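Be aware that the sequence shown starts at 39, since it is given in the numbering used here, and climbs by one per residue.
No residue lacks a Cβ here, since even glycine has one placed at the ideal position from N, Cα and C.
From a predicted model like this one, the values you see are computed outputs, not experimental measurements.
Read the structure below first, then the notes.
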Amino acid sequence: MLNKRSFAALAQLKELLQALESLDRLRIQRTQLNKATKREISATRNRYAFITGLIAGVFIAIALFIVTGEYILQRVDFEIFVLFDVFYFVFSSLICMVIFLLLWEKGALKHFSERTEVRINSEAQEERERLQKETREILDSEAITQTNVSVEYLTPKAIEIFQSYIQTGQCDTVREAAYIFEIDLKNSRNRYAKFFHNHESLVSQERTYIEKKGGH
39 MLNKRSFAAL
49 AQLKELLQAL
59 ESLDRLRIQR
69 TQLNKATKRE
79 ISATRNRYAF
89 ITGLIAGVFI
99 AIALFIVTGE
109 YILQRVDFEI
119 FVLFDVFYFV
129 FSSLICMVIF
139 LLLWEKGALK
149 HFSERTEVRI
159 NSEAQEERER
169 LQKETREILD
179 SEAITQTNVS
189 VEYLTPKAIE
199 IFQSYIQTGQ
209 CDTVREAAYI
219 FEIDLKNSRN
229 RYAKFFHNHE
239 SLVSQERTYI
249 EKKGGH
């Protein structure tokens, strides 16, 4: 049977859970944004490599025709020469594309690649700053800063477990729920023990991220 203290604790945990879920959602959005940015950089690099290979292949094919066209046409049919020139164009283009990609990866095109990365990152900067701002606001909210829960357990999964303790009548305060949780984690058979002992909490991860980005 739930009492007044239980309802108060559940209300506090609900607010805390909503804050943590919002924090996790922002983290996922930031991760997706970073992945999208990397994909765009990679796609741009490949596009530049394709264009470079295409142009180089055209020039090489034309050069081959100018230098050897008359000589080869005296010995083979025109159709065969055209097929050979097309093959040479495709092969040369592929080789030039590979060379471009290798030079990019080795840093030989550093000035060009850095400008590309800066341009693409700047396009995502506004969204990145919005996510950082909302993350800071949640980390500074009373739901996070005024809770009785240890920072190492500030993850949605832990709060859901706390709620289950109170809902099943095992305790009626957040502090008691945290105490029961710590006892459960000491049980080697508890399926959550390994996770919470070896993983940094969501709040700790996000605070570390914000500090690296300049804090407040």
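- Message: Rounded to the nearest angstrom, what separates Ser160 and Pro194 at their Cα positions?
- Response: 32 Å
- Query: Anyone know if the C-beta pair for Ile204 and Thr211 falls short of 9 Å?
  - Reply: yes
- Query: How many Å lie between Ile176 and Lys251 at the Cα?
  - Reply: 16 Å
- Query: Terminal residues of the continuous alpha helix (DSSP H) containing Asp222?
  - Reply: Val212 to Lys224
- Could you pull the start and end residues of the alpha helix (DSSP H) that Lys195 belongs to? Pro194 to Gln205
- With contact counted as at least three CB pairs below 8 Å, one residue from each stretch, are the segment 131-146 and the segment 84-94 in contact? yes
- Go ahead and label Ala81 buried or exposed: buried means 16 or more other beta carbons lie within 10 angstroms of its beta carbon, across all protein chains shown. exposed
- Message: Taking the alpha carbon of Thr183 as the reference point, which residue from Arg43, Gln50, Ser44 and Lys42 has its own alpha carbon closest?
- Response: Gln50
- Message: If you reduce the DSSP assignment to three classes, tell me which class Gly145 lands in.
- Response: coil
- Item | Distance CB(Glu244)-CB(Thr185) smaller than 9 Å | no
- Item | Contacts around Ser44, its chain only, beta-carbon distance under 7 Å, and the 5 residues preceding and following it disregarded | Ile204 and Asp210
- Item | C-alpha gap between His149 and Leu102, whole angstroms | 32 Å
- Query: Rounded to a whole number of angstroms, what is the C-alpha to C-alpha distance between Glu238 and Glu190?
  - Reply: 7 Å
- Message: Using the Cβ count rule (16 or more neighbours within 10 Å means buried), how would you classify Gly95?
- Response: buried
- Item | Ala196 classed as buried or exposed, judged by whether at least 16 other C-beta atoms fall within 10 angstroms | buried
- Message: Can you tell me whether Val124 is buried or exposed? The criterion is at least 16 other CB atoms within 10 Å of its CB, across all chains shown.
- Response: exposed
- Item | CA-to-CA distance, Arg153 to Trp142, given in whole angstroms | 12 Å
- Message: Just to confirm, is the Cβ distance from Gly91 to Ser130 under 9 Å?
- Response: yes
- Message: With a threshold of 7 Å on Cβ separation, who are the neighbours of Gln36 within its own chain once the five nearest residues in sequence on each side are excluded?
- Response: What is shown of the chain runs 39 to 254, which leaves residue 36 out entirely.
- Query: For Val241 versus Leu169, is the C-beta spacing smaller than 9 Å?
  - Reply: no
- Do Ala47 and Ala215 come within 9 Å of each other at the CB atom, strictly closer than that value? yes
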